[in-house]
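Q: So the sequence shown is residues -26 to -1, 1 to 825, counted in mature numbering (1 follows the signal peptide of the UniProt record, and there is no 0).
This is the structure I want to talk about, given as structure tokens.
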Amino acid sequence: MMKKNLMMRKMQVALLLASYVIVSFAQGETLKKIVATTPLEVRAPLMVDPAKDAKDPFGADKLLKLGLTIPEQTGFTQKYDADADGFFRVGKVAQGASVQLFAFYVRGDRYGNVKVTVTTPDLAELFVNGKSVATKTTSEDGRKEAKELSTTLTPYPETDRVVVKLLRPAGAKAEPVIKVALEPDSTEKDMKLSTWESGKRPIELNDAIKGKRVYDTKVSPKGNYVLMTYTYNHGETSTYPKELYSIKTGRRVTIAPNNDKHALGWMPRSERLFYLSKDDGNVANLITIDPETLEEKVMARNVPYEWVTFSPDEKALFYSKGDEPKKTEDVYRMQTVTDRSGGAVPLTFIYRYDLGTGLTTQLTFGDRTATLNDIAHDGQSILFTITDETITEQPFTVNSHYRLDLRTMRVDTLCAREAHTTEALFSPDGRKVLFLGDPEAFGRIGLNVGQGQTPNSFDVQAYLMDVATKKVEPLTRDFNPSISKAKWSGDGRTIYFEVADEDHVYVYAYDVAAKKFNRLPSEEDVVNAFDVANQAPVMAYSGEGLMNSTRAYVYDLNTKKTTRIADPYAEHLAQLKLQPVKDWNFTNSDGQEIKGFYYLPPDFDPNKKYPMIVFYYGGTLPNARYFGGRYPMHVYASLGYVVYELQPSGAIGFGQKFSALHVNAWGKRSSDDIIEGTRKFIADHPFVDGKKVGCIGASYGGFMTMHLQTRTDLFAAAVAHAGISSIAGYWGEGHWGYSYSTAASAGSYPWNNKALYVDQSPLFNADKINTPILLINGTSDTNVPPGQSVQMYVALKILGKPVELVQVKGEDHFIMDYNKRVKWTRSILAFFDRWLKGQPAWWNSMYDPKP
């Protein structure tokens, strides 16, 4: 039986591949193949008013308008080949009127209009992407007398699906035939059209935006269940369903259709879920859910309606709360450099709600915010942090970490005014505290850089403190990956770290006794979320790779067995034709290996020449191996581009010496890597047209785009989203400019390092730019203010250089609104088509070509 099923699957795959036959043509030609549904008999309704029937009979034109759901392409099972005259001889029913649907896909190799003409002696209705666009309500006696219906479509950058609904009247004399012709607009004489009937299709922007994906995974304390959170992007709206999965049985239940159970999560010890159901005012009922029976019970009433954290002993809830922010006045005084919106940030304090007595205790008070870090496993003490501003000394803030004994309210100072730490976590026995921080934390005991180098503060390290002695041990000094998340095992023997490991994201297990790291097996290039059960050797994680969107897994830490438990994008992915992404690394002139990978067009031919787009960030973080994201490079490649993505010097995840190259560089080494890597890639890959190479980056990558054009004419087009043109302007005006600069410009200021702030700023080198450049930004960007793009635009305009500025109204650093995001992405791709393919039609259709 298994062999039979296997043979059936192989045959299905073979049939699917066989149906994916692309026919390309440049001028108007008729379709040679088409698929259709089985003809269906249709009948006129019973007329209950004979007099009206005589005056207004229910004719074939009304039958044509009767509803008929257009099925998915797999429902078109009938295949037809055109005859010598281009007509398809189609099916019919034995008697009576019949309706039949015909379908095909069409895509152009460039932007432009295409006329679709359908010729048939029968009645017909034409649909494009599910919308009715043309109707023919006459019937003729034969193919010579057959009339037409037509429409104009634009099958680029997205594929169009064309469906023809054919109604054959009862008693029709004409042979049942249909002909479909496609003809590009006369202004697009070089356009090549591809048509196909079924099978995979090129990826499009909506494939990267819309759909259901795994967002988070949380495993139950005893390791029997996983709570999964999904994001379901519908375009203009999104929902966030939560699903309960049983590891033992595989049962899955949607437990919160749109994240509508406040603070839903696992209790720390009991194998139960909890959430808060709001009651009157700002109080709620604490509800528990049995994951086996789904029975809900009220555990406590009138608890605070806040984002709560359960005490590990399940006896209390902890939360933080502050005053409501004051309304911004029309005229206001800034109180600190972080006050960019008017009015001081409200202070927040830590509270404890006792589930046994119902008593709320405010644990911190004063003129400074206290941040809860962790709760001891016995529930008797907490870790919290107080941050103070030190605006005259980098990094401009210091953290003091404290342990508060809840029984006595005595405070133990773990470390005071430490400038380089962030998070703190108790070990299960409470005897040690794990700190995360940069390489300079705790007197630089974790530092591992070269002579004369300044460490990159974004390169996160781990430190372990003995609470009794306050002695600190660096755990990651010789460990190259950079840490993003940590969690102790329930027995305290292991610490699990989520890390940036070069351009991957993995989970490592650190053996506390042996002082060794071990990378856990991962089915994905990038782990987006992970969790480990407190009382069982079970880990749940979700992730993605260059060739697939997010999937979720359960990993048994004892048996080393991995089980996939969710792949919500699989069915969608199966429709897409993608070329495998390939690694390509090179050794730069300093002898350092620079990692990278590249994408190919879906119908790649190694004997052809293709334009290429180079994508980079160039800042402190690597571009990880994501499937989608804000810059879905599979989509770029689908329009006929090779895409090369690399990790220049200065990124974290490659070790402290490598990440330190980012400090006080502002493009010096990283731009060399991009230029050198691009030239070597072109030399190694003869299918790249070296004269048609573009580049793109965002934020620091947008700076890099501008900076590159001041150094080389290698690129034929360049795109900078939210780019920094004046380092000093960004430093002072960007909300995070001065704080980001503690890493990128450590110790350097506009008044003491003119060579950095002026000479490295693209604005002060604008006269060196010759490459056509697109500057693009959100008008409400608080990180890199829009003036950074505007001033470069003004400079290049005055210099007479080819430049475009596109602004996205109301958007911040990231373009989040769906419709604006679509036009933003299309603007970028149309700009590349204009300059790398010599095809300005798409750009001109979006923006008036006249100045």
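Ideal Cβ placement from N, Cα and C applies to all residues, glycine included.
Since this is a predicted model, take the numbers as computed values, not measurements.
Mind reading off the beta-carbon distance from I747 to Q683? Whole number of angstroms is fine, and I expect it under 8 Å.
A: Taking the first residue of the sequence shown as 1, we reach residue 747 at position 773. Taking the first residue of the sequence shown as 1, we reach residue 683 at position 709. Contact holds; Cβ gap of about 6 Å.
Q: Could you tell me whether the Cβ atoms of E99 and K36 are closer together than 7 Å?
A: Translated into positions along the sequence shown, residue 99 becomes position 125. Translated into positions along the sequence shown, residue 36 becomes position 62. Taking 7 Å as the Cβ cut-off, E99 and K36 do not qualify as a contacting pair.
Q: In whole angstroms, what separates the C-alpha of K811 from that of P580?
A: Translated into the one-based positions of the sequence shown, residue 811 becomes position 837. Translated into the one-based positions of the sequence shown, residue 580 becomes position 606. Spanning the two alpha carbons is a distance of roughly 18 Å.
Q: Would you grab the beta carbon distance between P215 and A230 for me? Rounded to a whole angstrom, and I think it's under 8 Å.
A: As a working mapping, residue 215 is identified with position 241 in the sequence shown. As a working mapping, residue 230 is identified with position 256 in the sequence shown. That pair is a contact at about 7 Å.
Q: Express the C-alpha separation of Y527 and Y376 in angstroms, rounding to a whole number.
A: Along the sequence shown, one-based indexing puts residue 376 at 402. Along the sequence shown, one-based indexing puts residue 527 at 553. Spanning the two alpha carbons is a distance of roughly 37 Å.
Q: Note down, in chain order, each residue of its chain lying with its Cβ closer than 8 Å to the Cβ of Y334, except the 5 sequence neighbours on either side.
A: On the sequence shown, position 360 is the one that residue 334 refers to. Here the sequence assigns Thr to residue 334, which means Tyr is not the residue at that position. Closer than 8 Å at the Cβ level, and outside the excluded window around T334, lie P278, Y325, R326, Y327 and D328.
Q: Please report how far the alpha carbon of R800 lies from the alpha carbon of P131, in whole angstroms.
A: For this step, residue 800 is matched to residue 826 along the sequence shown. For this step, residue 131 is matched to residue 157 along the sequence shown. Approximately 8 Å between the Cα atoms of the pair.
Q: Alpha carbon to alpha carbon, how far is K184 from E210? Give it in angstroms, no decimals.
A: Locating residue 210 in the sequence shown gives position 236, where the first residue counts as 1. Locating residue 184 in the sequence shown gives position 210, where the first residue counts as 1. Taking the straight line joining both Cα atoms gives about 9 Å.
Q: Just to confirm the assignment: which complete beta strand (DSSP E) runs, minimum length 3, are found wholly within the stretch 92 to 169?
A: Runs found: 97 to 102, 105 to 110, 121 to 127, 134 to 142 and 151 to 158.
Q: Quick one: residues in its chain with C-beta nearer than 8 Å to the C-beta of R643, no 5 flanking neighbours on either side, listed in chain order?
A: To locate residue 643, count along the sequence shown from 1; it is residue 669. For R643, where only same-chain residues beyond five positions count, the Cβ hits under 8 Å are D564, P622, S623, G624 and L635.
Q: For a test of the three-state rule: what should DSSP assign to K(-24), helix, strand or coil?
A: Mapped onto the sequence shown, residue -24 falls at position 3. Bear in mind that a pLDDT of 38 at K(-24), under 50, signals an unreliable position, so the model cannot answer this.
Q: Nearest-angstrom Cα distance between V637 and A720?
A: Residue numbering aside, residue 637 sits at position 663 when the sequence shown is read from its first letter. Residue numbering aside, residue 720 sits at position 746 when the sequence shown is read from its first letter. Straight-line Cα distance between these residues: approximately 7 Å.
Q: Is the separation between the beta-carbon of G676 and that of G697 shorter than 7 Å?
A: The sequence position of residue 676 within the sequence shown is 702, counting from 1. The sequence position of residue 697 within the sequence shown is 723, counting from 1. In contact: G676 and G697 (Cβ atoms closer than 7 Å).
Q: For a minimum of 3 consecutive residues, which ranges assigned as the beta strand (DSSP E) are wholly contained in the stretch 474 to 553?
A: Listed in chain order, the complete beta strand (DSSP E) runs (minimum 3 residues) inside the stretch 474 to 553 are 478 to 485, 490 to 493, 500 to 506, 512 to 519, 522 to 530 and 536 to 540.
Q: At what residues does the beta strand (DSSP E) containing I698 begin and finish?
A: To locate residue 698, count along the sequence shown from 1; it is residue 724. Looking at the DSSP string, I698 is not in any beta strand (DSSP E), and its letter there is neither H nor E.
Q: In its own chain, which residues sit with a C-beta less than 7 Å from the C-beta of T205, not counting the 5 before and 5 after it?
A: Within the sequence shown, numbered from 1, the residue matching residue 205 stands at position 231. Excluding positions up to five away in sequence, the list reads R187, Y189, S212 and Y214.
Q: Going along the chain, which residues of its own chain have a beta-carbon closer than 6 Å to the beta-carbon of N422, five neighbours each way excluded?
A: As a working note, residue 422 is residue 448 in the sequence shown. Hits under 6 Å: R451 and Q630.
Q: When DSSP labels each residue in this structure, what does Y219 get in the three-state scheme?
A: Here residue 219 corresponds to residue number 245 of the sequence shown, with the count starting at 1. Y219: strand per DSSP, three-state reduction.
Q: With DSSP as the reference, please indicate the residues paired to M790 in a beta bridge.
A: In the sequence shown, the residue the question calls residue 790 occupies position 816. None, per the DSSP bridge assignment.
Q: Judging by CA-CA distance, which residue of S722, Y529 and G752 is the nearest neighbour of T191?
A: If you number the sequence shown from 1, residue 191 lands on position 217. Residue Y529 is the option with its Cα nearest to T191.
Q: Could you check what DSSP says for Y712 in three-state terms: helix, strand or coil?
A: Working through the sequence shown from its first residue, we reach residue 712 at position 738. In this structure, Y712 counts as helix in the three-state DSSP scheme.
Q: Helix, strand or coil, according to DSSP, for K783 in the structure here?
A: Within the sequence shown, the letter at position 809 stands for residue 783. Residue state, collapsed to three classes: coil.
Q: If you reduce the DSSP assignment to three classes, tell me which class F738 lands in.
A: Here residue 738 is taken as the residue at index 764 of the sequence shown, counted from 1. If DSSP states are grouped into helix, strand and coil, F738 belongs with the helices.
Q: Since V193 sits in a beta bridge, which residues does DSSP pair it with?
A: Residue mapping note: residue 193 aligns to position 219 of the sequence shown, counting from 1. The partner list for V193 (beta bridge, DSSP) reads V200.
Q: Just curious, the beta strand (DSSP E) that N259 is in, first and last residue?
A: One-based indexing of the sequence shown puts residue 259 at position 285. Per DSSP, N259 belongs to the beta strand (DSSP E) from V257 to I263.
Q: Rounded C-beta distance between N103 and D83? I'm assuming under 8 Å.
A: Within the sequence shown, numbered from 1, the residue matching residue 103 stands at position 129. Within the sequence shown, numbered from 1, the residue matching residue 83 stands at position 109. About 19 Å separates the two Cβ atoms, so there is no contact after all.
Q: Whole angstroms are fine: how far does the CA of V473 sit from the CA of M521?
A: In the sequence shown, counting from the first residue as 1, residue 521 sits at position 547. In the sequence shown, counting from the first residue as 1, residue 473 sits at position 499. If I take the Cα positions, the gap works out to 21 Å.
Q: So for P284, helix, strand or coil by DSSP?
A: In the sequence shown, counting from the first residue as 1, residue 284 sits at position 310. For the record, residue 284 in the displayed sequence is Phe; it is not Pro. If DSSP states are grouped into helix, strand and coil, F284 belongs with the strands.
Q: Which one of G145, I648 and A344 has the shortest CA to CA distance from V67?
A: Position 93 of the sequence shown holds residue 67. When each option's Cα is compared against that of V67, the closest is G145.
Q: Residue 827: buried (16+ other C-beta within 10 angstroms of its C-beta) or exposed?
A: The question about residue 827 has no answer here: the residues shown for the chain are numbered -26 through 825.
Q: Check each candidate in V282, N259, V441 and R342 and name the one with the smallest Cα separation from D297.
A: Position 323 of the sequence shown, counted from the first residue, corresponds to residue 297. It is R342.
Q: Classify I649 as helix, strand or coil using the three-state DSSP reduction.
A: The sequence position of residue 649 within the sequence shown is 675, counting from 1. Three-state result, I649: helix.
Q: CA-CA distance, V486 and P448?
A: Working through the sequence shown from its first residue, we reach residue 486 at position 512. Working through the sequence shown from its first residue, we reach residue 448 at position 474. Those two C-alpha atoms are separated by around 12 Å.
Q: Using the Cα positions of A611 and Y480, report the straight-line distance between them to the nearest angstrom.
A: Here residue 611 refers to the residue found at position 637 when the sequence shown is read from its first residue. Here residue 480 refers to the residue found at position 506 when the sequence shown is read from its first residue. One C-alpha to the other measures close to 27 Å.
Q: The alpha helix (DSSP H) spanning D341 covers which residue range?
A: Within the sequence shown, numbered from 1, the residue matching residue 341 stands at position 367. Element bounds for D341: n/a, residue is neither H nor E.
Q: Please classify V(-6): does DSSP put it in a helix, a strand, or coil?
A: For the purposes of this step, residue -6 is taken as residue 21 along the sequence shown, with counting starting at 1. Because the pLDDT at V(-6) is just 46, under 50, the model does not fix this residue reliably, and the value given afterwards should be weighed accordingly. Three-state result, V(-6): coil.
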